[in-house]
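Going by the working numbering, the first residue of the sequence shown is number 1050, and it counts up by one from there. We treat Cβ as the ideally placed atom computed from N, Cα and C, and that holds for glycine. Data block below; observations after.
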Amino acid sequence: MKRETFDRIELLVGDITRQRVDAIVNAANRSLLGGGGVDGAIHRAAGRRLVEECRTLGGCETGDAKITAGYELAAKHVIHTVGPVYHGRPDDPKLLASCYRTSLELARGHGLSSVAFPAISCGVYGYPVEEASRIAIDTVRDFLAVNDLPEKVLFVLFSEDFFEIYREYLRQVTT
């Protein structure tokens, strides 16, 4: 398994549903009731109680985040965030950055020390991974620079190509 650490940020190629962290972040749709990609995998791995709790949340707006229990996952919690569908609009980067920031704020507010993120909006939502990785890394680094929690942030990437893009950018900004 590919893995590399940059201070409080760790990159790895793997399955986010298997991460033993305080919270994994779900790249959810606005209903929060499951879907394809990472969202569907998290819902399947967590079991039916996750969708039952999500029904009580009333959905989630793009750029916002909500937290639930992790149920049958290795993670204690799931932070659901709704990334933008990429259209190249001026709001797309702001909404994507908001996904990471609001997720980290929820983690800090719940006293969570470790959080794992997927590449939000880079699947069927079509966000170009090079641009999305920079927004993700810059937002997380800015947050960690002024907050003690979470102590560790993982980017759990599903392909070696994504891993290399994230690693290259992290090497540029941490040297």
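Cβ-based burial, residue i [other Cβ within 10 Å; buried from 16]
i	result
K1115	buried
Q1068	buried
T1105	exposed
S1208	exposed
V1195	exposed
P1037	The chain is shown from 1050 up to 1224; residue 1037 falls before or after that span and cannot be answered.
A1123	exposed
For residue i, the first and last residue of its enclosing alpha helix (DSSP H)
i	result
R1093	1086 to 1095
Reduced DSSP category for residue i - H, G, I as helix; E, B as strand; rest coil
i	result
S1163	strand
F1211	helix
I1186	helix
T1117	strand
K1051	coil
K1201	strand
L1219	helix
L1099	helix
Residue i, enclosing beta strand (DSSP E) - first and last residue
i	result
L1061	1058 to 1062
A1072	1072 to 1077
Sheet register partners of residue i (DSSP bridge)
i	result
T1151	Partner(s): none; T1151 has no beta bridge.
Three-pair Cβ contact test at 8 Å for the stretch 1171 to 1181 versus the stretch 1077 to 1092: The count of Cβ pairs closer than 8 Å, one atom from the stretch 1171 to 1181 and one from the stretch 1077 to 1092, reaches three, so the stretches are in contact.
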